[in-house]
Amino acid sequence: MSSDPFDSALDLLRRLPPAKTAHNVQLLCDLAPALSEELLESVDVPLTVKKCSKSNREFLCCDYNRDGDSWRSPWSNAFEPPLEDGVCPSERVRRMEVRANEGFDVYRELYFEGGISSVYFWDIDDGFAGCVLLKKSVSPTSKTSGSWDSIHVFESQDRARMSHYKLTSTVILNLGNETGVLGSMDLSGNMVRQVEQDMAVEDDNSHVMNIGRMVEDMELKMRNLLQEVYFGKAKDVVGDLRSIQALSEANREKQAHREVISSMSK
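Residue numbers (this note's numbering): 546 to 811.
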């Protein structure tokens with residue numbers, strides 16, 4: 546077992562139910578306040594929603610738009626609740642942030658048919674960085690619940706007519722259902738993927754298009770992985786553990802199959 550308290554905390558979170566990650570992170574922060582900043586930066590949790598008082602639009606909250614106990618709105622560039630000296634991006638980066646929010650708002654409507662999107666940019670020494678947040682939740686009831694959270698964090702390092710992009714994408718999926726016949730089911734977890742790519746840049750609009758293309762490609766790959774690998778494997782396991790048809794009927798089919806094979810061999 547690791548002697549580092551931070552590694553031990555991460556090790557503990559990996560063994561706890563994924564659906565309660567946000568709650569467990571808060572408990573660990575209460576138990577070990579010295580680890581709070583590292584835990585909040587390192588552990589991805591389902592995104593929370595706030596409303597911008599100036600634009601009257603909802604936006605997503607994460608550690609990348611937080612300053613103290615306030616969160617910056619991508620629509621108005623103001624903090625909720627108000628903060629006088631909050632950290633904001635430079636004028637150039639803010640212009641790109643506005644265009645990116647407009648573009649991903651269209652992407653969200655086309656691909657998710659609802660939900661909420663938020664994009665945040667900030668300055669770094671040799672370029673800029675940012676994150677693209679997407680959230681879609683079903684209307685929860687006493688029997689069903691579900692949410693999809695996408696967190697795409699990137700860095701862009703400027704080069705001569707090129708830019709080097711590094712994208713780290715996380716998808717957090719929570720699905721819950723309860724029926725009188727099957728009982729309760731909870732299917733939750735997260736997936737992380739990373740990619741680096743050099744792409745041509747003509748102006749700041751090129752940055753927005755390049756980031757949009759990379760995020761779109763990554764989301765498509767991760768959705769296919771979830772559908773084909775994870776859900777497909779879960780379906781196979783459930784099918785092997787529990788049969789829908791009666792056992793007597795399944796035995797008759799197996800016997801008929803053996804008889805056919807036997808007659809063909811003769």
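Note that beta-carbon positions come from the ideal geometry of N, C-alpha and C, so glycine has one too.
If you draw a straight line from the alpha carbon of residue i to that of residue j, how long is it in whole angstroms?
{"i": "W620", "j": "S662", "result": "11 Å"}
{"i": "A745", "j": "L628", "result": "38 Å"}
{"i": "N812", "j": "F657", "result": "Past the edges of the chain, shown from 546 to 811, lies residue 812, and the structure says nothing about it."}
{"i": "A801", "j": "K780", "result": "26 Å"}
{"i": "E764", "j": "H697", "result": "9 Å"}
{"i": "M809", "j": "Q772", "result": "38 Å"}
{"i": "K596", "j": "V664", "result": "15 Å"}
{"i": "L557", "j": "E586", "result": "17 Å"}
{"i": "W667", "j": "L712", "result": "15 Å"}
{"i": "R797", "j": "F776", "result": "30 Å"}
{"i": "I669", "j": "D748", "result": "18 Å"}
{"i": "A795", "j": "V805", "result": "16 Å"}
Can you name, in chain order, every residue of its own chain whose Cβ lies under 7 Å from the Cβ of residue i, other than the five neighbours on each side?
{"i": "D534", "result": "With the chain covering 546 to 811 only, the question about residue 534 has no answer from this structure."}
{"i": "S729", "result": "E723"}
{"i": "D589", "result": "I696, T715, I717, N735"}
{"i": "E625", "result": "K595, C597, S598, S615, W616, S618"}
Since residue i and residue j should fall inside the 8 Å C-beta cutoff, what is the C-beta to C-beta distance between them, to a whole number of angstroms?
{"i": "S618", "j": "G631", "result": "Not quite, the Cβ-Cβ distance comes to about 11 Å (not below 8 Å), so this is no contact."}
{"i": "S690", "j": "G734", "result": "About 15 Å; that fails the 8 Å criterion."}
{"i": "L592", "j": "C607", "result": "6 Å"}
{"i": "N569", "j": "L561", "result": "5 Å"}
{"i": "G672", "j": "S701", "result": "5 Å"}
DSSP puts residue i in a beta bridge; with which residues?
{"i": "F666", "result": "G675"}
{"i": "H709", "result": "Q702, D743"}
{"i": "E603", "result": "K596"}
{"i": "S682", "result": "S692"}
Under 6 Å Cβ to Cβ from residue i, same chain only, skipping five residues before and after it: list those, please.
{"i": "V716", "result": "S695, M736, M767"}
{"i": "A623", "result": "K599"}
{"i": "L732", "result": "L720"}
{"i": "S682", "result": "S692"}
{"i": "D743", "result": "M707, H709"}
{"i": "K688", "result": "E723"}
Leaving out five residues on either side along the sequence, give the residues of the same chain with a beta carbon under 8 Å from the beta carbon of residue i.
{"i": "S703", "result": "It is worth fixing the name first, because residue 703 is Asp in this sequence and not Ser. Contacts found: D671, G672, V746."}
{"i": "A564", "result": "N719, G721, D731, S733"}
**OP:** Would you check if the stretch 671 to 684 and the stretch 641 to 648 touch, i.e. whether three or more CB-CB distances between them fall below 8 Å?
**Re:** With the cut-off at 8 Å, the stretch 641 to 648 and the stretch 671 to 684 touch.
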